[in-house]
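Reading through the structure tokens given below for one structure.
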Amino acid sequence: MWKQALVVLAAVTALVAALPVREASTPPFASPAFEQLWLKQQNGQLDLWGQTPLAWRIEPYTEAPAGRRLVQYFDRGRMELTAQAGSSRTLVTQGRLAWELTTGQIALGSDLVARRPPPDLPIDGGSPDPRVPTYAALARLVATPASDRTTTNRPLQEWLTADGTLHTDAAPAPVRPGRFVSATGHNLPDVTVALFDRSPLGPDAWVETFGYPISEPVWAYYRRGTTALPSLIQVFERRILVYTPSLPTDQRFTIANTGRHYYRWRYGVDPSKPWPSPLPGAELPLTVPQDFRAGLFLEGVRDPVDLTLAPDGNLLILTAGGSLLLVTAEDAEGRAARLTTFASGFINPRGLATTGPWVYVADDRGLTRLRDDDGDGIADRTQLLPLDIHPLPGAAGAPVADHRGRIYLAATTREAPTSAVVLVLQDDQAFPLVPAPPGLVRLFTWGELLFAVVDSGDNHTRVERLDLTTGTARRRPFLELPIGFDPLGGLAYTAQLWADPIPGTLFFWGTRDTVGALLRAVPRADGEGADLFPFLSGLVHPVSMTAGLDGTLYVADAGTGRVVKLIPSLRAPQ
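In structure tokens:
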């Protein structure tokens with residue numbers, strides 16, 4: 281029973297062991313791979329990261345497994361643990377933070393961004409100063425490629441002010457264009473070419489560490505300590521390089537704190553804590569296990585049907601009236617502070633799922649996919665897939681996505697209108713896998729495994745694993761649910777950030793004796809079963825549940841029109 285799924289649990293647990301302990305006295309590295317890169321680059325002539333790591337988070341990225349990846353911020357950049365295509369191996373990449381800050385585009389995938397204005401924050405992080413340019417000022421530079429200036433041998437004399445104004449004036453040092461980078465259409469100054477030719481980064485090429493230049497070099501004032509000095513500034517994709525000719529030779533080059541500035545811009549706070557610190561929302565009279573916190577996230581939601589995360593990591597809420605709502609901000613308590621209507625017009629919606637940049641919704645018409653291209657919280661593209669299928673009624677017809685991004689759906693087809701099957705979506709086509717279990721309540725996934733919550737009649741419910749590997753229709757008993765418990769769905773908790781719940785914990789929501797109930801099942805160490813516990817009481821009619829990127833649990837209670845937020849337990853110190 282549980283042994284097949286414990287393979288997944290073991291792999292996830294190994295990842296958990298590699299994550300930092302929350303109560304560590306010094307800011308921890310989120311991954312040994314991050315620490316290895318940091319140590320490797322400490323011997324170069326330039327300090328690429330800063331002295332210690334800052335905050336680590338799980339962030340959305342559509343090409344990553346399950347659409348999320350582990351990242352860590354440093355004063356001068358961000359490291360990302362990225363899966364290699366077609367492999368279970370991962371590698372460390374470096375974020376294009378300077379590009380995002382100056383273009384206002386937050387990369388949520390290779391071709392998916394969220395847009396916001398570049399910040400009016402001085403690039404040296406100090407208080408506003410008319411001589412020190414802001415990221416918003418640099419945005420004017422990155423929008424315009426240049427011509428090759430290396431043949432003119434004229435000194436660089438362009439100056440930039442805080443408001444983005446360019447003017448020509450005498451330069452503090454005779455610096456000239458030294459190399460034209462045709463990939464992005466910008467010139468490197470001769471002092472930078474000389475620096476890069478000395479291999480200041482050890483064995484790493486400068487392009488790997490800085491990315492390509494995305495602006496011309498310009499003079500501006502930049503504070504080193506408390507003193508603003510004339511400096512040559514150039515924006516690269518990943519970092520901003522600063523050259524101050526009045527300083528001693530070995531101190532002339534530095535790198536702006538784009539990692540710290542980016543975190544403040546994206547999350548609205550300084551990265552003062554090395555771990556995610558979710559807030560529970562407004563207090564509610566709910567009973568949860570010790571050390572958990574429960575609160576009100578959102579109220580006034582009429583007839584919620586399903587919850588999932590959008591490609592940007594925010595919460596999506598599907599309602600029976602056919603509206604799809606997106607929470608785009610939280611307040612200081614952790615409550616939903618801003619909503620958009622992502623889409624509307626669905627007819628008897630069953631549920632929703634997200635994979636890559638797309639959101640899938642099943643309703644009477646079949647399966648529709650939607651995408652927000654400009655990051656404003658409203659779907660720009662809507663496509664009803666030509667599948668000739670009819671999803672099963674209610675939550676039984678809700679789509680689910682596995683760890684690899686495959687979409688599963690229980691439906692009837694035009695060829696077999698009376699025989700329900702479980703379908704998998706591939707290349708916008710639906711392929712039947714196994715007959716849908718009689719009494720299907722809802723499908724859910726755990727890693728790459730597919731499960732079904734089944735009502736077998738006579739007040740008995742169970743969980744079955746659907747075997748998709750043998751080519752034959754096989755259903756394996758997995759877990760018996762308590763007699764009298766009327767489940768409405770299940771969730772495998774795979775977040776890697778907390779002590780409790782551990783990855784591999786299963787949650788089931790529904791009613792018991794007409795009262796809302798939430799149960800959790802914890803696999804036993806011998807793999808021969810699971811221990812079931814009451815987890816949450818005080819709900820009326822819970823209909824859906826999902827987990828946020830930071831491990832927060834969200835529960836939609838149709839009986840009260842609320843979305844409840846559950847904050848997991850902290851990890852104990854080591």
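Numbering of the sequence shown is given in the working numbering, commencing with residue 281 and proceeding in unit increments.
Yeah, the Cβ is synthetic: ideal placement off N, Cα and C, and Gly gets one too.
Put simply, the backbone Cα of residue 589 is about 28 Å away from that of residue 810.
The beta carbons of residue 490 and residue 456 sit no closer together than 9 Å. When only Cα atoms are considered, residue 338 and residue 786 end up about 21 Å apart. By the CB criterion at 9 Å, residue 587 and residue 834 fall inside the cutoff. Between the stretch 350 to 357 and the stretch 566 to 586 there are fewer than three C-beta pairs closer than 8 Å, too few to call the two in contact.
Comparing C-alpha distances from residue 618 to each of 628, 629, 658, 630 shows the shortest one belongs to 658.
In the DSSP secondary-structure assignment, residue 735 is bridged to 741.
In this structure, DSSP gives residue 467 an extended state, which the three-state scheme calls strand.
Around the beta carbon of residue 478, a 10 Å sphere encloses fewer than 16 other beta carbons of the protein chains shown; the residue is thus reported as exposed.
In this structure, the alpha-carbon of residue 665 lies about 36 Å from that of residue 800. Taking residue 798 as the centre and dropping the five residues before and after it, the same chain places the C-beta of 787, 788, 789, 814, 815, 816, 817, 819, 822, 825, 835 closer than 8 Å to its C-beta, in chain order.
Approximately 13 Å separates the beta-carbon atoms of residue 310 and residue 329; this is outside 8 Å, ruling out the contact.
Under DSSP, residue 563 forms a beta bridge with 575. Scanning the stretch 631 to 657 from its first residue to its last, the whole beta strand (DSSP E) runs of 3-plus residues come out as 631 to 635, 638 to 643, 646 to 651.
Counting only runs of 4 or more residues that sit fully inside the stretch 339 to 418, the alpha helix (DSSP H) segments are 377 to 383, in chain order. Residue 543 is classed as buried because its beta carbon has at least 16 other beta carbons within 10 Å across all chains shown.
Each residue's CA atom was taken as its position, placing residue 795 and residue 731 some 25 Å apart. Counting every other CB atom within 10 Å of its CB across the protein chains shown gives residue 845 a total of 16 or more, marking it as buried.
Inter-residue distance for residue 736 and residue 690 is about 17 Å (C-alpha atoms, whole angstroms).
In the structure shown, residue 529 adopts helical secondary structure according to DSSP, grouped into three states. For residue 797, the enclosing beta strand (DSSP E) stretches over residues 795 to 803. For the set 499, 399, 436, the Cα lying nearest the Cα of residue 445 is the one of 499. Within the DSSP secondary-structure output, residue 502 pairs in a beta bridge with 509. Membership of residue 312 in the alpha helix (DSSP H) is indicated by the continuous run 312 to 320. Residue 790 is bridged by DSSP to 767, 797. Distances from the alpha-carbon of residue 507 to those of 837, 404, 754 put 404 closest. Where residue 610 is concerned, the enclosing beta strand (DSSP E) starts and stops at 604 to 610. The three-state secondary structure of residue 487, taken from DSSP, is helix. If you check the CB distance, residue 584 and residue 841 come in under 9 Å.
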